[in-house]
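Beneath this line is the structure, given in structure tokens, with notes to follow.
Protein chains in written order, with my numbering: chain C, 13 to 126; chain V, 610 to 717.
Have a look at this one:
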């Protein structure tokens, strides 16, 4: 079934650990995005990609990095997690559609750094 | 600067009452606007977009360029409409800029 998947859904890790949040989509979309959202706050774009080997930083500065080696895969990595990285991370993908761009979201990854 | 503003964090209404969720935007070009919804324990999903001029689940939204607004309306709210609603603006690079969201609570 065409969808966008994020793992892990929930993660609690210690300060200084390296973590990778996985995101995969089976819709063949070229464009993929990572948003960060604190509870009750707006979504902020932190990374996006328009295709393989294309990555750009979003509007909100983030210490995380991303890679896009395959169309369907867009992982996000934090080399050394800190409590300030505690947040929800939403992966999304899109393709140009009739009437404009429809963005599809994953279920999100809740990260807690202790 | 491009910006989307949703002035209400929480909107509480009784079932059957009309609902209007406010959204104002700031954008120098020709805007493309969307409403996204997140029901409890579900992912964020597209509700409607202004280009389609459609009504989804009884909701409509009209783009008012003079007032730079894209308010979401429904004449008779239902309990299942309770959710988090986000207004979003698509910029020239196909990125979505989101507002801070409004929680709609429809009470029985």
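Positions of the beta carbon are idealized from the N, C-alpha and C atoms, including for glycine. The structure presented is a predicted model; accordingly, all values stated were derived computationally and were not measured.
Neighbourhood of residue 636 of chain V in chain C, by CB distance below 8 Å: empty, with the nearest CB roughly 14 Å away. Just so you know, the alpha carbons of residue 681 of chain V and residue 96 of chain C end up roughly 34 Å apart.
By the criterion of at least three beta-carbon pairs nearer than 8 Å, the segment 610 to 620 of chain V is in contact with the segment 700 to 714 of chain V. Excluding residues up to 5 positions away in sequence, 614, 677, 678 lie with their Cβ nearer than 7 Å to the Cβ of residue 633 of chain V in the same chain. Interface residue (Cβ-Cβ distance to chain V less than 9 Å): residue 56 of chain C is classified as such. At a beta-carbon threshold of 9 Å, the residues of chain C lying near residue 654 of chain V are 116, 117, ordered along the chain. Residue 691 of chain V is positioned such that its CB atom lies closer than 9 Å to that of residue 649 of chain V. Excluding sequence positions up to five before and after residue 663 of chain V, its CB lies within less than 7 Å of the CB of 657, all in the same chain and listed in chain order. Under the 9 Å criterion on CB atoms, residue 706 of chain V is classed as interfacial with respect to chain C. In the three-state reduction of the DSSP assignment, residue 84 of chain C falls in the coil class. Exposed is the label assigned to residue 94 of chain C, since fewer than 16 other Cβ atoms lie within 10 Å of its Cβ.
If you look at residue 697 of chain V, you'll find it in the beta strand (DSSP E) that goes 692 to 699.
In the DSSP assignment, residue 59 of chain C falls within the beta strand (DSSP E) that extends over 55 to 63. At a cut-off of 9 Å, the C-beta of residue 106 of chain C has a neighbouring C-beta in chain V. Residue-level contact check: residue 52 of chain C touches chain V, since one or more beta carbons of chain V fall below 9 Å from its beta carbon.
The residue among V:698, V:705, V:673, V:668 with its C-alpha nearest the C-alpha of residue 689 of chain V is V:668. In this structure, residue 42 of chain C and residue 63 of chain C form a Cβ contact; the two beta carbons are roughly 5 Å apart against a cut-off of 8 Å.
For residue 688 of chain V, no beta strand (DSSP E) segment is defined, and its DSSP state is neither H nor E. In this structure the segment 71 to 82 of chain C touches the segment 46 to 58 of chain C; the number of beta carbon pairs closer than 8 Å is three or more. With contact defined as three or more Cβ pairs closer than 8 Å, the segment 627 to 647 of chain V and the segment 96 to 106 of chain C are not in contact. Residues of chain C whose Cβ lies closer than 7 Å to the Cβ of residue 709 of chain V are, in chain order, 53, 54.
The CB of residue 102 of chain C comes closer than 9 Å to the CB of 652, 653 in chain V, given here in chain order. For residue 117 of chain C, the beta-bridge partners assigned by DSSP are C:104.
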